[in-house]
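Protein chains: 2
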Amino acid sequence: MRFLSGTSSDGVCEQLFTLDGIPGVLWTPEGATGPRPLVLMGHGGGQHKKAPDLVARARRFVAECAFAVVAVDVPGHGDRPKDEELDRIATENQARVDAGEEPAALIAGFHALVARRTVPEWQAVLDAVRQLPHVGAGPVGYWGVSLGCGLGVPFVAAEPRVRAAVLGLGGAAASAGVAARITVPVEFLLQWDDERVPRSQGLALFDALASAEKTLHANPGEHAEIPAHELDSTLRFFARHLV
Amino acid sequence: MRFLSGTSSDGVCEQLFTLDGIPGVLWTPEGATGPRPLVLMGHGGGQHKKAPDLVARARRFVAECAFAVVAVDVPGHGDRPKDEELDRIATENQARVDAGEEPAALIAGFHALVARRTVPEWQAVLDAVRQLPHVGAGPVGYWGVSLGCGLGVPFVAAEPRVRAAVLGLGGAAASAGVAARITVPVEFLLQWDDERVPRSQGLALFDALASAEKTLHANPGEHAEIPAHELDSTLRFFARHLV
């Protein structure tokens, strides 16, 4: 793990790093020492580790809860090189959708393919970050919706260090089988008028989670229109389960 | 409006009253003066104005938000006399359910019948309570699930003083038509394994609300098993919309 830069503002320290070629960013409270809860955030499709919404969320987690937050670029996203295999498949999928094919199974297959890389990558990130003295081996949370849900479901299912997860904007066709292996508390965000994930698919994915404690928050609006009050709720959800 | 008794503990003042024969209870912060948000709470079927869950909720609204809270007995409940017409219909309905009839339409009809009395009663309660100097004419909220939703939907639809409502554990068959006239923010509580209200019915009632801002909170468990963290959320919902 190699740190590239470190800046600090409003009490939040931001460090860019690379780990085996994976570009990442770590946010911690300024002057932090000792272990604390760590939240790994997965970004959305076409986005990257420093997408504005993700940064705003991370800074609130750090400033209000004194958590550490880490995010890395998914293959083919952000500062990572173009990935010819993923690009080719994405292009093929788009052509099939344009030709009238239902996107659900194609998205599912694509997420499964990417997750075979991101699950071990994110596990390596946890290994490395939790060795830092200002992060430590505290409880881990995961936050990810849309692509971050498609990749997050297999990650949370595979990773016993994750104690609670916020997921959403994903459907059962993509993730129900793996979701049935998730048993930690989950807050699941669903957009009632999601133009990309049919409502029944989102409800079925929530239903598939094996967690005894799970809570579905559904709000009107399209895929990208999660209301601001859900961030307040997310902070409390993690505070309830990671502290 | 006639006050029967007043007691105070832990900073919360509780006053029993009657208004035109309707027994009620008002909670306010000890020593309160001046107007404040007022939440009217509808109790569940077979319960009454001082059901333990309702009292606990009311006391938190008063202690943590400095709200006033008022609850009255629904006809045939609590300290009200037996109501022969309602008893007869309830008995007939039970016999029809026992004979295999689907309960949804029967419940809908029964709630509509009771609501024709409770809507004007609750409006009279608002009129009276809001004239008290320690309550005043501030914003009004409504909280009610199960029977409190069946009666709350027509109340919230009819009453322009209500600015925000928590509803839930109710179904579309009972309330969808009237719910389509509700436009204030709603937090809607649904129990994922509700043995009385089919999941699809609860989702359809949430869908029917015309409110631009509405949020569905669904949790695993049966009808009476709303998790404790939803009360925290309800406090924040009303704080967001009534303050």
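Residue numbers (UniProt numbering), protein chains in the order written: chain D, 1 to 243; chain C, 1 to 243. The beta-carbon is built from N, C-alpha and C at its ideal position, and this holds for glycine as well. Since this is a predicted model, take the numbers as computed values, not measurements.
Does any residue of chain C have a CB that is nearer than 8 Å to the CB of residue i?
| i | result |
| --- | --- |
| K82 of chain D | no |
| S233 of chain D | yes |
| R181 of chain D | no |
| A172 of chain D | no |
| R117 of chain D | no |
| N93 of chain D | no |
Compare the C-beta of residue i with all C-beta atoms of chain D and state if any pair is closer than 8 Å.
| i | result |
| --- | --- |
| H229 of chain C | yes |
| H43 of chain C | no |
| V216 of chain C | Before going further, note that residue 216 of chain C is Leu rather than Val in the sequence given. Cβ-Cβ to chain D under 8 Å: yes for L216 of chain C. |
| P220 of chain C | yes |
| A112 of chain C | no |
| A104 of chain C | no |
| A158 of chain C | no |
| A239 of chain C | no |
| A176 of chain C | no |
| A210 of chain C | no |
By DSSP's criteria, residue i is part of a beta bridge. Which residues make up the other side?
| i | result |
| --- | --- |
| E14 of chain C | C:T7, C:W27 |
| V197 of chain C | For V197 of chain C, which the question treats as bridged, DSSP gives no partner whatsoever. |
| V186 of chain C | C:A165, C:K214 |
| W143 of chain C | C:M41, C:V166 |
| V125 of chain D | V125 of chain D pairs with nothing; no bridge assigned. |
| Q191 of chain D | D:N219 |
| V69 of chain C | C:W27, C:V39 |
| R2 of chain D | D:T18 |
Under 8 Å by Cβ, that's how I've got residue i and residue j pegged, so tell me the actual separation to the nearest angstrom.
| i | j | result |
| --- | --- | --- |
| V119 of chain D | P154 of chain D | 6 Å |
| A157 of chain C | V178 of chain C | 5 Å |
| P29 of chain C | G11 of chain C | 6 Å |
| D193 of chain D | P220 of chain D | 6 Å |
| P198 of chain C | G171 of chain C | 7 Å |
| K49 of chain D | V72 of chain D | 6 Å |
| M1 of chain C | F17 of chain C | 6 Å |
| L54 of chain D | V129 of chain D | Not confirmed; about 16 Å, so no contact. |
| H241 of chain C | A164 of chain C | 4 Å |
| N93 of chain C | L106 of chain C | 4 Å |
| H111 of chain C | A174 of chain C | 5 Å |
| V97 of chain D | F67 of chain D | Actually they do not touch by this definition, with Cβ atoms about 38 Å apart. |
| L190 of chain D | V166 of chain D | With a Cβ gap of about 12 Å, L190 of chain D and V166 of chain D do not count as contacting. |
| C65 of chain D | A239 of chain D | 6 Å |
| L151 of chain C | A115 of chain C | 5 Å |
| G148 of chain C | G44 of chain C | 6 Å |
| G6 of chain D | Q15 of chain D | 5 Å |
| T234 of chain D | H217 of chain C | That belief does not hold up - the Cβ atoms of T234 of chain D and H217 of chain C are roughly 13 Å apart, past 8 Å. |
| A210 of chain C | A180 of chain C | 5 Å |
- Item | Touching by the beta-carbon criterion (3+ pairs, under 8 Å), the region 119-137 of chain C and the region 85-99 of chain C | no
- Query: Just checking, does the region 25-36 of chain C make contact with the region 144-157 of chain C on the three C-beta pairs under 8 Å criterion?
  - Reply: no
- Message: Can you confirm whether the region 171-189 of chain D touches the region 55-65 of chain D when touching is taken to mean that 3 or more C-beta pairs between the two stretches lie within less than 8 Å?
- Response: no
- chain D contacts from the region 46-75 of chain C (Cβ-Cβ distance under 9 Å): none
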